[in-house]
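K.L.:
My questions all concern the structure below.
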Amino acid sequence: MCWPAAVRCALVILVSLSTLRRDGNGASAIYTSNDMSKQSLADNRPGSSLDGSGGGANGELSRSSRTICRSFPGLTRKQLQQCRRAPDVVASAISGIRIAVDECANQMRDQRWNCSNLQTKNGNPYTNVMMTRGFQETAFAYATISAGVLYQVTRACSMGQLRTCGCDTRFVGDEVDFQWGGCSHDIQFGTTFVESFLDCKEKGRDMKSKMNLHNNGVGRIAVAEYAVKKCKCHGMSGSCEVKTCWMQTPHFSEVGDRLLVKFHEAKQVVARNNIGGNLRLADDPTPVTADSQRRRRRKRPPSPPKDHLVFLEESPDFCQADPGVGTLGTKDRYCNRTSDGPNGCNSMCCGRGYNIKLERKTEWCNCKFHWCCQVKCRQCSQSVWVNTCK
Ligand SMILES: *[C@@H]1O[C@H](CO)[C@@H](O)[C@H](O)[C@H]1NC(C)=O
Ligand SMILES: *[C@@H]1O[C@H](CO)[C@@H](O)[C@H](O)[C@H]1NC(C)=O
Numbered sequence: 001m002c003w004p005a006a007v008r009c010a011l012v013i014l015v016s017l018s019t020l021r022r023d024g025n026g027a028s029a030i031y032t033s034n035d036m037s038k039q040s041l042a043d044n045r046p047g048s049s050l051d052g053s054g055g056g057a058n059g060e061l062s063r064s065s066r067t068i069c070r071s072f073p074g075l076t077r078k079q080l081q082q083c084r085r086a087p088d089v090v091a092s093a094i095s096g097i098r099i100a101v102d103e104c105a106n107q108m109r110d111q112r113w114n115c116s117n118l119q120t121k122n123g124n125p126y127t128n129v130m131m132t133r134g135f136q137e138t139a140f141a142y143a144t145i146s147a148g149v150l151y152q153v154t155r156a157c158s159m160g161q162l163r164t165c166g167c168d169t170r171f172v173g174d175e176v177d178f179q180w181g182g183c184s185h186d187i188q189f190g191t192t193f194v195e196s197f198l199d200c201k202e203k204g205r206d207m208k209s210k211m212n213l214h215n216n217g218v219g220r221i222a223v224a225e226y227a228v229k230k231c232k233c234h235g236m237s238g239s240c241e242v243k244t245c246w247m248q249t250p251h252f253s254e255v256g257d258r259l260l261v262k263f264h265e266a267k268q269v270v271a272r273n274n275i276g277g278n279l280r281l282a283d284d285p286t287p288v289t290a291d292s293q294r295r296r297r298r299k300r301p302p303s304p305p306k307d308h309l310v311f312l313e314e315s316p317d318f319c320q321a322d323p324g325v326g327t328l329g330t331k332d333r334y335c336n337r338t339s340d341g342p343n344g345c346n347s348m349c350c351g352r353g354y355n356i357k358l359e360r361k362t363e364w365c366n367c368k369f370h371w372c373c374q375v376k377c378r379q380c381s382q383s384v385w386v387n388t389c390k
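No gaps in the numbering here: position 96 of the sequence shown is 96 in full-length UniProt numbering, and each next residue is one more.
Shown next as structure tokens:
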């Protein structure tokens with residue numbers, strides 16, 4: 001499967017849908033979509049069997065998930081056992097891993113490290129060397145994947161696609177100005193599943209594995225604690241005589257935004273007391289006074305907060321390809337000559353300079369909305385000057 005192409009394609013479609021470009025030239029293909037939201041673009045990618053409308057019968061899903069169990073490489077023995085017991089849930093977990101890696105690439109698109117090394121040939125990001133390291137980027141990846149699995153399993157439950165879960169039955173009955181109705185997402189089921197499916201990869205004894213467990217937790221929090229109440233009005237012509245509401249997970253792009261903020265605020269922890277010790281902040285935030293300094297020598301520094309990403313190692317600069325780190329470097333990356341940000345050629349190319357070339361770009365354009373509910377676009381191409389790193 002060609003991931004980068006799929007990601008780029010989705011982005012181009014998004015851009016052209018959101019800007020509804022003016023006239024273009026040439027029309028060689030028609031793009032048709034039945035939903036314009038970003039969510040559905042991510043979820044309707046080929047290979048994802050979790051689309052509610054076109055997903056097919058349950059039997060088909062479970063048969064194809066059994067195939068997925070066997071063909072998804074790098075599952076641990078415990079994960080394979082889980083897969084045999086509940087292939088349908090694991091299939092949506094794997095689909096969650098996929099949307100997480102896509103979201104990672106989207107969040108990091110302007111950075112030297114853009115997540116592309118996690119788009120591994122075998123489809124399992126955990127098999128990349130970087131996932132065995134202790135960088136801030138590793139922390140982000142663990143949290144995003146854990147969030148993706150929770151998100152996707154919970155959604156599959158609510159669509160009635162999995163045998164062992166459904167809607168959250170705690171949300172029933174009448175409230176003051178609405179009543180619970182529809183399908184509340186069963187985030188508790190998803191959380192329990194993610195804990196057993198991803199956390200069981202970690203032995204939890206060494207610092208690295210403690211770091212991963214912590215960051216998995218941060219990912220779950222970024223979904224579970226931001227569930228939102230959605231409501232629908234019923235009654236004559238838009239009046240809201242009866243309002244029914246249900247709880248659902250936030251959009252995954254919002255989860256990605258939130259985790260990106262956490263990435264920038266990640267805290268370094270130290271491997272003090274290597275065996276049996278807990279993670280401790282490297283920088284003790286308590287202000288230093290003569291008194292506290294005396295106490296500090298005896299007292300251990302505090303544990304990191306549950307909703308903060310933590311890392312153990314300083315990141316490399318990601319300028320060069322490095323097999324020990326599992327990254328590809330920034331040679332041939334696109335950069336922006338006039339930007340001062342991380343995507344500017346100065347920063348992106350690490351001072352090596354950049355090439356200028358004319359490139360033909362193809363985009364979807366002239367998108368028209370057809371009632372109801374399709375978007376039809378033409379394909380336009382134009383030549384643009386681009387810069388790429390030497
Ligand atoms: C991400 O980086 C890789 C390697 O540096 C590059 O091949 C790829 O095109 C980049 N992806 C995007 C979307 O810029
Ligand atoms: C490059 O960066 C500048 C300044 O941030 C911005 O105005 C411009 O739109 C960017 N160009 C492209 C092609 O993204």
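Glycine residues also receive a C-beta, built at the ideal position from the N, C-alpha and C atoms.
(1) May I ask which residues mark the beginning and end of the beta strand (DSSP E) holding S383?
(2) DSSP three-state call for K232: helix, strand or coil?
(3) Note down the Cα distance separating residue 398 from L279, rounded to an integer number of angstroms.
(4) Sorted by chain position, which residues of the same chain lie with C-beta nearer than 6 Å to L162's C-beta, five sequence neighbours on each side aside?
(5) Give me the pocket residues for ligand 2, defined as CB within less than 6 Å of any heavy atom, sorted by chain position.
(6) By the DSSP assignment, the alpha helix (DSSP H) with Y142 in it spans what residues?
(7) Determine the closest residue to C83 out of K262, S196 and C183, with distance taken between C-alpha atoms.
(8) Taking 8 Å as the threshold, find out whether the stretch 205-213 comes into contact with the stretch 172-191 through three or more Cβ pairs.
(9) Below 7 Å, is the gap between the Cβ of L328 and the nearest heavy atom of ligand 1?
(10) Within 10 angstroms of its Cβ, does H214 collect 16 or more other Cβ (buried), or is it exposed?
(11) Looking at the strands, I want to know which residues DSSP matches up with A321.
(12) Determine, using beta carbons only, whether residue 391 and C389 come nearer to each other than 8 Å.
(13) Starting from L80 and walking both ways along the alpha helix (DSSP H), at which residues does that stretch end?
(14) Can you pull the DSSP bridge partners for I356?
(15) So, C319 versus G329, is the Cβ gap smaller than 8 Å?
(16) Just to confirm before moving on: does the CB-CB distance between S387 and N355 stay below 8 Å?
(17) Quick one: Cα of A29 to Cα of Q382, how far?
(18) Does any heavy atom of ligand 1 sit closer than 7 Å to the C-beta of S116?
(19) Can you determine whether any heavy atom of ligand 1 sits closer than 7 Å to the C-beta of A105, and answer yes or no?
(20) Tell me whether R109 counts as near ligand 1, meaning its Cβ is closer than 7 Å to at least one heavy atom of that ligand.
(21) From Q107, T67, T76 and D102, pick the residue whose C-alpha is nearest to that of D257; which is it?
(22) Do you know how far the Cα of C372 is from the Cα of Q111?
(23) Could you tell me which of T164, L198, F189 and T169 sits nearest to I97, measuring between CA atoms?
(24) Quick one: residues in its chain with C-beta nearer than 6 Å to the C-beta of A100, no 5 flanking neighbours on either side, listed in chain order?
(25) Is it true that the CB of F178 sits closer than 8 Å to the CB of T132?
(26) Excluding the 5 residues preceding and the 5 following G353 in the sequence, name in chain order all residues of the same chain whose CB lies nearer than 7 Å to its CB.
(27) Is R333 a contact residue of ligand 1, with contact defined as CB to any heavy atom under 7 Å?
(28) In angstroms with no decimal places, state the Cα-to-Cα distance between K153 and A93.
(29) Considering C345, what are the terminal residues of the alpha helix (DSSP H) in which it resides?
(30) So for Q119, helix, strand or coil by DSSP?
(31) Over the uninterrupted alpha helix (DSSP H) stretch that includes T192, give me the two end residues.
(32) Based on DSSP bridge pairs, tell me the residues matched to E363.
(33) Are the beta-carbon atoms of C350 and D307 separated by less than 8 Å?
P.N.:
By the coordinates alone:
(1) Taking the sequence shown and counting its residues from 1, the one referred to as residue 383 is at position 383. Residues Q374 to C389.
(2) For this step, residue 232 is matched to residue 232 along the sequence shown. Looking at K232 - three-state DSSP - the assignment turns out to be strand.
(3) Past the boundaries of the shown model lies residue 398; the chain is included only from 1 to 390, so the question cannot be answered.
(4) Taking the first residue of the sequence shown as 1, we reach residue 162 at position 162. Only D88, V89 and A156 meet the Cβ criterion.
(5) N336, T338 and S339
(6) Within the sequence shown, the letter at position 142 stands for residue 142. Where Y142 is concerned, the enclosing alpha helix (DSSP H) stretches over Q136 to S158.
(7) Here residue 83 is taken as the residue at index 83 of the sequence shown, counted from 1. Checking every option, the nearest Cα to that of C83 belongs to S196.
(8) The answer is no - the stretch 172-191 does not touch the stretch 205-213, with fewer than three Cβ pairs under 8 Å.
(9) Counting from one through the sequence shown, the residue named residue 328 turns up at place 328. For ligand 1, at least one heavy atom lies less than 7 Å from the Cβ of L328.
(10) Locating residue 214 in the sequence shown gives position 214, where the first residue counts as 1. When all chains shown are included, H214 counts as buried.
(11) Counted from its first residue, the sequence shown places residue 321 at position 321. The partner list for A321 (beta bridge, DSSP) reads L328.
(12) The chain is shown from 1 up to 390; residue 391 falls before or after that span and cannot be answered.
(13) Here the question's residue 80 lines up with position 80 in the sequence shown. Counting along the chain, the alpha helix (DSSP H) containing L80 begins and ends at R77 to R85.
(14) By one-based count along the sequence shown, residue 356 stands at place 356. Partner residues in the beta bridge of I356, as assigned by DSSP, are N387.
(15) Taking the sequence shown and counting its residues from 1, one reaches residue 319 at position 319. Taking the sequence shown and counting its residues from 1, one reaches residue 329 at position 329. Closer than 8 Å, so yes.
(16) Taking the first residue of the sequence shown as 1, we reach residue 387 at position 387. Taking the first residue of the sequence shown as 1, we reach residue 355 at position 355. According to the sequence as given, residue 387 is Asn; it is not Ser. For N387 and N355, yes; Cβs fall inside 8 Å.
(17) As a first step, residue 29 is located in the sequence shown; it is residue number 29 there, counting from the start. As a first step, residue 382 is located in the sequence shown; it is residue number 382 there, counting from the start. Low local confidence applies: a pLDDT of 35 at A29 is under 50, so the model's placement there is unreliable, with the coordinate-based value given in what follows. Cα to Cα, the separation comes out at about 15 Å.
(18) Here residue 116 refers to the residue found at position 116 when the sequence shown is read from its first residue. For ligand 1, at least one heavy atom lies less than 7 Å from the Cβ of S116.
(19) Here residue 105 refers to the residue found at position 105 of the sequence shown. Yes; taking the cut-off as 7 Å, the Cβ of A105 has a heavy atom of ligand 1 nearer than that.
(20) Along the sequence shown, read from residue 1 onward, the residue named residue 109 stands at position 109. Checking every heavy atom of ligand 1 against the Cβ of R109, one is found closer than 7 Å.
(21) Walking along the sequence shown from the start, residue 257 turns up at place 257. Of Q107, T67, T76 and D102, the residue nearest in Cα terms is Q107.
(22) By 1-based counting over the sequence shown, the position of residue 111 is 111. By 1-based counting over the sequence shown, the position of residue 372 is 372. Each residue's Cα considered, the two are about 39 Å apart.
(23) For the purposes of this step, residue 97 is taken as the residue at position 97 of the sequence shown. Selected option, being the one with the closest Cα: L198.
(24) On the sequence shown, position 100 is the one that residue 100 refers to. Within the same chain, A100 has close Cβ partners T144, I145 and G148.
(25) For the purposes of this step, residue 132 is identified with residue 132 of the sequence shown, where counting begins at 1. For the purposes of this step, residue 178 is identified with residue 178 of the sequence shown, where counting begins at 1. Going by C-beta atoms, T132 is not nearer than 8 Å to F178.
(26) Within the sequence shown, residue 353 is the residue found at index 353, counting from 1. Hits under 7 Å: K390.
(27) The residue labelled residue 333 in the question sits at position 333 within the sequence shown. R333: yes, Cβ under 7 Å from ligand 1.
(28) Taking the sequence shown and counting its residues from 1, the one referred to as residue 153 is at position 153. Taking the sequence shown and counting its residues from 1, the one referred to as residue 93 is at position 93. One detail in the question is off: residue 153 reads as Val in this sequence, not Lys. Their Cα atoms are separated by approximately 6 Å.
(29) Numbered from 1 along the sequence shown, position 345 holds the residue referred to as residue 345. Counting along the chain, the alpha helix (DSSP H) containing C345 begins and ends at C345 to M348.
(30) Stepping through the sequence shown from its first residue, residue 119 is reached at position 119. In the displayed model, Q119 falls within coil according to three-state DSSP, outside both helix and strand.
(31) Here residue 192 refers to the residue found at position 192 of the sequence shown. From DSSP, the alpha helix (DSSP H) with T192 extends over I187 to L198.
(32) Translated into the one-based positions of the sequence shown, residue 363 becomes position 363. Answer by DSSP bridge pairing, in chain order: C380.
(33) On the sequence shown, residue 350 is found 350 positions in, with the first residue counted as 1. On the sequence shown, residue 307 is found 307 positions in, with the first residue counted as 1. Going by C-beta atoms, C350 is not nearer than 8 Å to D307.
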